[in-house]
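Asker: Take a look at this one; I'll ask things after.
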Amino acid sequence: LAKTTQPISMDSYEGQEVNITCSHNNIATNDYITWYQQFPSQGPRFIIQGYKTKVTNEVASLFIPADRKSSTLSLPRVSLSDTAVYYCLVGDGGSQGNLIFGKGTKLSVKP
Amino acid sequence: GAVVSQHPSRVICKSGTSVKIECRSLDFQATTMFWYRQFPKQSLMLMATSNEGSKATYEQGVEKDKFLINHASLTLSTLTVTSAHPEDSSFYICSARRQGFRDNEQFFGPGTRLTVL
Chain A
10 LAKTTQPISM DSYEGQEVNI TCSHNNIATN DYITWYQQFP SQGPRFIIQG
60 YKTKVTNEVA SLFIPADRKS STLSLPRVSL SDTAVYYCLV GDGGSQGNLI
110 FGKGTKLSVK P
Chain B
580 GAVVSQHPSR VICKSGTSVK IECRSLDFQA TTMFWYRQFP KQSLMLMATS
630 NEGSKATYEQ GVEKDKFLIN HASLTLSTLT VTSAHPEDSS FYICSARRQG
680 FRDNEQFFGP GTRLTVL
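Here it is as structure tokens:
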């Protein structure tokens, strides 16, 4: 499974756009990129998944360059409730689909 | 969306006792479930992969005789921490993979906080 590298932490203010970049230099052809959000003492929650180019849903956008060696999660107009740890994961699901979590990025949104 | 529940949400037990944690997929069938452990301020660490009707696959360094996993049905997997000790105190999270759904998307339970005295 491809290893991922993310910033340990980020700070932002309410209403700003936040971009969290994840590096995955060894991503394989069959790998998807998935982002999860985790609040303290809760299980992770799926945010978005993509394979290439751009994916957008009701909560976020995911930008993936052509070489797929990195990806950027974009959160528009964050609020205090977006304070959480964000994990970038890379894998192909496979027959087992096990996910290996990296250290994640702790996002702190301030008023 | 798919819902995964865990029971209990938190448990306190004495050292040497065994604790069972249940993980249920409430509105879908999951042939594969996963168990993670998370220590304070750390990331999730995969412990084992639970397959319905067969033995679980444990990650390196996880004692299979200490962490017993049973996946008896398509909606239920259990993790039993046997002879628990204070160092087993942690946040245990399960997830379930929904067949035929987005690749790599797993639905996570709310977690179980285990405290061993």
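Residue numbers (our numbering), protein chains in the order written: chain A, 10 to 120; chain B, 580 to 696. Here a beta-carbon is modelled for each residue, glycine too, at the ideal position from N, C-alpha and C.
1. Near A/N66, what residues of its chain come up, given a Cβ to Cβ distance below 7 Å and the 5 sequence neighbours on each side ignored?
2. Would a check of beta-carbon distances place A/K112 closer than 8 Å to chain B?
3. Whose CA, out of B/V695, B/A663, B/A651, B/L693, lies closest to the CA of B/Q608?
4. Out of curiosity, what's the CA-to-CA distance linking A/D40 and B/S594?
5. If the cut is a Cβ gap below 7 Å, which residues of chain B does A/I109 touch?
6. In chain order, what residues of the same chain have a beta carbon less than 7 Å from the beta carbon of B/E638, not counting five sequence neighbours either side?
7. Taking the straight line between their C-alpha atoms, what separation do you get for B/R589 and A/Y96?
8. Where are the beta strand (DSSP E) runs, 3 residues long or more, that stay fully inside the region 634-683 of chain B, in chain order?
9. Taking the alpha carbon of B/T659 as the point to measure from, which residue in B/L653, B/F646, B/F670 has its own alpha carbon closest?
10. Hey, B/V641 and B/P665: beta-carbon distance below 8 Å or not?
11. If you compare alpha carbons, which of B/L693, B/V583, B/G688, B/C602 is closest to B/S662?
12. The region 38-57 of chain A: which residues have C-beta closer than 9 Å to a C-beta of chain B, in chain order?
13. Whole angstroms is fine: what's the gap from B/F670's alpha carbon to B/W614's?
14. What are the partner residues of A/R54, as DSSP defines its beta bridges?
15. Check whether the Cβ of A/R54 lies closer than 7 Å to any heavy atom of the ligand ADP, and answer yes or no.
16. Alpha carbon to alpha carbon, how far is B/I591 from A/L71? Give it in angstroms, no decimals.
17. Is the Cβ of B/Q639 closer than 8 Å to any Cβ of chain A?
18. Report the three-state DSSP secondary structure of A/D91 (helix, strand or coil).
Answerer: According to the structure shown:
1. I57
2. yes
3. Cα-wise, what sits closest to B/Q608 is B/A651.
4. 42 Å
5. L625
6. L625, M626, A627
7. 24 Å
8. The region 634-683 of chain B contains these whole beta strand (DSSP E) runs: 646-652, 655-660, 669-676.
9. B/F646
10. no
11. Of B/L693, B/V583, B/G688, B/C602, the residue nearest in Cα terms is B/L693.
12. N39, D40, Y41, I42, T43, Y45, Q47, S50, Q51, G52, P53, R54, F55
13. Between B/F670 and B/W614, the C-alpha separation is close to 11 Å.
14. A/Q46
15. For the structure depicted, the ligand ADP is absent and the ligand set is empty, with no information on it obtainable.
16. 41 Å
17. no
18. helix
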